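*Asks:* In our numbering, the protein residues as written are 1 to 301.
Following this message is one structure expressed as structure tokens.
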Amino acid sequence: MEMIRHSEWAETKLTLHLLSQILGKIKLALAPQEPQWTHVTLPVALSGFSTGPLVQGETWLQLDVDVFQSHIRVQVGADTSVFPLEAGKSISTYYEEIMGALRANGVSVALNPRTQEMRELRYLDRDETPLAYDAMAAQRGIRLFQYAAREQTAFLAPLRCRKVKPGLFWGTFDVSSLIVYGRPEPFPQDKVIEKAAFDEHMVEFGFWLGDEAVDIPTFFILPYPFQYTEIGTERLKPQDAYYDAGKSEFFLSLENVGETRDVQAFFRTSFDILSEQLEWEGCDHYFMPLDMPKQQELTDE
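In structure tokens form, the structure reads like this:
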């Protein structure tokens with residue numbers, strides 16, 4: 001998998017992050033609510049990321065950021081509007097194009113225009129700062145998200161447990177998935193995002209594109225309740241994976257991933273360590289093989 005460092009595309013990544021906030025806030029307003037904010041994640045798509053199908057009344061709609069065609073697509077019923085992704089455009093211009101296309105088709109959505117969970121506060125509806133856009137860099141970044149979603153899906157798909165499939169969390173701009181264990185654990189502080197995200201035992205499997213402090217994209221695994229304590233990691237694989245007690249997270253830098261089995265080993269060994277640490281019962285059942293023919297062996301007969 002070709003890697004792109006944060007420093008190679010930081011400004012274009014910011015543009016995509018801001019656009020994901022617009023799509024995410026629209027989905028937040030329209031999608032039926034689910035635990036752990038599952039309803040607001042954006043599917044990683046063939047060409048970028050998307051809201052997936054949404055409904056307002058009798059009207060179906062979908063919004064897509066397509067980095068391979070370099071445009072934003074707004075579909076409302078049979079009507080499709082397309083707006084270019086291009087350097088020099090402001091987030092307020094993108095915002096008005098998107099919201100204008102929805103309004104023109106009778107879709108009314110009230111959004112909080114403040115960015116969420118981003119280091120720098122911006123107002124999506126009035127920030128006129130020109131933004132960067134490098135199409136090739138955007139495509140390389142999205143391919144990493146697709147790679148992460150594929151690896152997470154490969155691990156989670158056969159498991160017999162409650163899970164949240166991979167999606168783009170647009171607040172933190174990472175692709176993550178969850179195994180949720182049915183044991184209540186209310187978040188101890190009155191924070192709107194956290195108390196809905198963290199209210200049951202769970203393990204998050206994530207992939208993050210880096211920032212100014214960490215230039216290399218990284219896989220991470222986070223338990224809840226958080227475990228700010230030393231944990232035995234003798235079984236942890238691959239060799240370069242590690243646990244940071246100060247952050248309550250396992251990490252595997254993309255530069256230390258040689259092949260798919262490294263990522264799968266990281267997911268499995270981290271989960272085994274954490275499920276024991278959290279005293280989850282019955283996890284052996286999760287990994288009971290599916291009684292199905294291998295897909296390549298299926299026929300039309």
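Ideal Cβ placement from N, Cα and C applies to all residues, glycine included.
It should be emphasised that the depicted structure is a prediction, and the values quoted were computed from it without experimental measurement.
Quick check: Ile142 and Gly206, are their CB atoms within less than 8 Å of each other?
*Replies:* The answer is no: Cβ separation not under 8 Å.
*Asks:* Grab the span of the beta strand (DSSP E) containing Arg150 for me, first residue to last.
*Replies:* Note, Arg150: premise wrong, no beta strand (DSSP E); alpha helix (DSSP H) at 135-156.
*Asks:* Between Arg160 and the rest of its own chain, which residues show a CB-CB distance below 7 Å, the 5 nearest in sequence each way excluded?
*Replies:* Excluding sequence neighbours, Arg160 sits near His285, Tyr286, Met288.
*Asks:* For a test of the three-state rule: what should DSSP assign to Lys13, helix, strand or coil?
*Replies:* Residue state, collapsed to three classes: helix.
*Asks:* For Thr269, which residues of its own chain have a beta-carbon under 6 Å away from its beta-carbon, when the five flanking residues on both sides are left out?
*Replies:* Answer for Thr269: Arg235, Leu236, Lys237, listed in chain order.
*Asks:* Grab me the residues of Asn256's own chain with a C-beta within less than 6 Å of its C-beta, minus the 5 sequence neighbours each way, in chain order.
*Replies:* Correct list, in chain order: Asp240.
*Asks:* Considering only the beta carbon of each residue, do Ser20 and Leu42 sit closer than 8 Å?
*Replies:* Yes, Cβ-Cβ distance for Ser20 and Leu42 is below 8 Å.
*Asks:* Candidates Thr153, Lys89, Leu102, Ala132: which alpha carbon is nearest Arg126's?
*Replies:* With distances taken between Cα atoms, Arg126 lies closest to Lys89.
*Asks:* Thinking just about the alpha-carbon of each residue, which of Ala132, Ser50, Ala31 is nearest to the one in Lys13?
*Replies:* Minimum Cα distance to Lys13 is reached at Ala132.
*Asks:* Around the Cβ of Gly232, are there at least 16 other Cβ atoms within 10 angstroms (buried) or fewer (exposed)?
*Replies:* The residue in question, Gly232, is exposed, as its Cβ has fewer than 16 Cβ neighbours within 10 Å.
*Asks:* What would DSSP say about Leu61, mapped onto helix, strand or coil?
*Replies:* If DSSP states are grouped into helix, strand and coil, Leu61 belongs with the strands.
*Asks:* Take Ala148 and list the residues in its own chain whose beta-carbon comes closer than 6 Å to its own, dropping the five residues that flank it on each side.
*Replies:* Taken in chain order, the residues that qualify are Val175, Phe207.
*Asks:* Taking the alpha helix (DSSP H) that Thr313 falls in, what are its first and last residues?
*Replies:* Nothing can be reported for residue 313, as the shown portion of the chain is limited to 1 through 301.
*Asks:* In the structure shown, what three-state DSSP assignment does Thr38 receive?
*Replies:* Looking at Thr38 - three-state DSSP - the assignment turns out to be helix.
*Asks:* Report all residues from its chain with a CB closer than 6 Å to the CB of Lys25; omit the five preceding and five following residues, and keep chain order.
*Replies:* Cβ neighbours of Lys25 beyond the five flanking positions: Leu111.
*Asks:* When the distance is taken between beta carbons, is Tyr123 closer than 8 Å to Pro130?
*Replies:* Taking 8 Å as the Cβ cut-off, Pro130 and Tyr123 do not qualify as a contacting pair.
*Asks:* Counting pairs of beta carbons, one from the region 218-225 and one from the region 260-278, are three or more of them closer than 8 Å?
*Replies:* Yes, the region 218-225 is in contact with the region 260-278.
*Asks:* Give a yes or no on whether the C-beta atoms belonging to Val67 and Ala135 are separated by under 8 Å.
*Replies:* The answer is yes: Cβ separation under 8 Å.
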